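Student:
Residue numbers (this note's numbering): 433 to 526.
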């Protein structure tokens with residue numbers, strides 16, 4: 433399957449692709465101020481859906497992600513996900 437990339441080289445996975453959640457988690461980890469707007473700008477994930485997607489990361493993968501105002505912070509990657517492996521989704525090497 434060929435996946436296009438945005439202007440920052442971030443793969444634009446289909447809406448139902450788990451790697452889309454991994455891109456979101458990587459963006460939260462990577463950005464200095466991971467606000468919905470900054471995440472949308474970097475990843476192309478619509479800022480209005482980010483809260484819902486973060487909830488999926490919490491529920492499905494056991495991540496501990498906090499939101500302080502508009503800024504997300506990862507406290508724990510949980511027991512399922514490996515930070516370095518998840519980061520590969522941003523490079524489309526996965």
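The beta carbon of each residue, even a glycine, is placed where N, CA and C say it ideally should be. What you are looking at is a predicted structure, and each value in this text was computed from that prediction instead of being measured.
For the beta strand (DSSP E) containing residue 465, name the first residue and the last one.
Tutor: Counted from its first residue, the chain shown places residue 465 at position 33. Element bounds for residue 465: n/a, residue is neither H nor E.
Student: Along the chain, where does the alpha helix (DSSP H) containing residue 517 start, and where does it finish?
Tutor: Position 85 of the chain shown holds residue 517. Run containing residue 517: 515 to 523, per the alpha helix (DSSP H) assignment.
Student: Cα separation between residue 491 and residue 499?
Tutor: Here residue 491 refers to the residue found at position 59 of the chain shown. Here residue 499 refers to the residue found at position 67 of the chain shown. Distance between the alpha carbons of residue 491 and residue 499: 15 Å.
Student: Is residue 526 buried or exposed, if buried means 16 or more other CB atoms sit within 10 Å of its CB?
Tutor: As a working mapping, residue 526 is identified with position 94 in the chain shown. Confidence at residue 526 is low in this model, with a pLDDT of 46, below 50, so its placement is unreliable and the value that follows should be read with caution. So residue 526 ends up on the exposed side.
Student: Taking a contact to mean a Cβ-Cβ separation below 9 Å, would you say residue 522 touches residue 442 in this structure?
Tutor: In the chain shown, counting from the first residue as 1, residue 522 sits at position 90. In the chain shown, counting from the first residue as 1, residue 442 sits at position 10. Yes, the pair counts as a contact, with Cβ atoms nearer than the cut-off.
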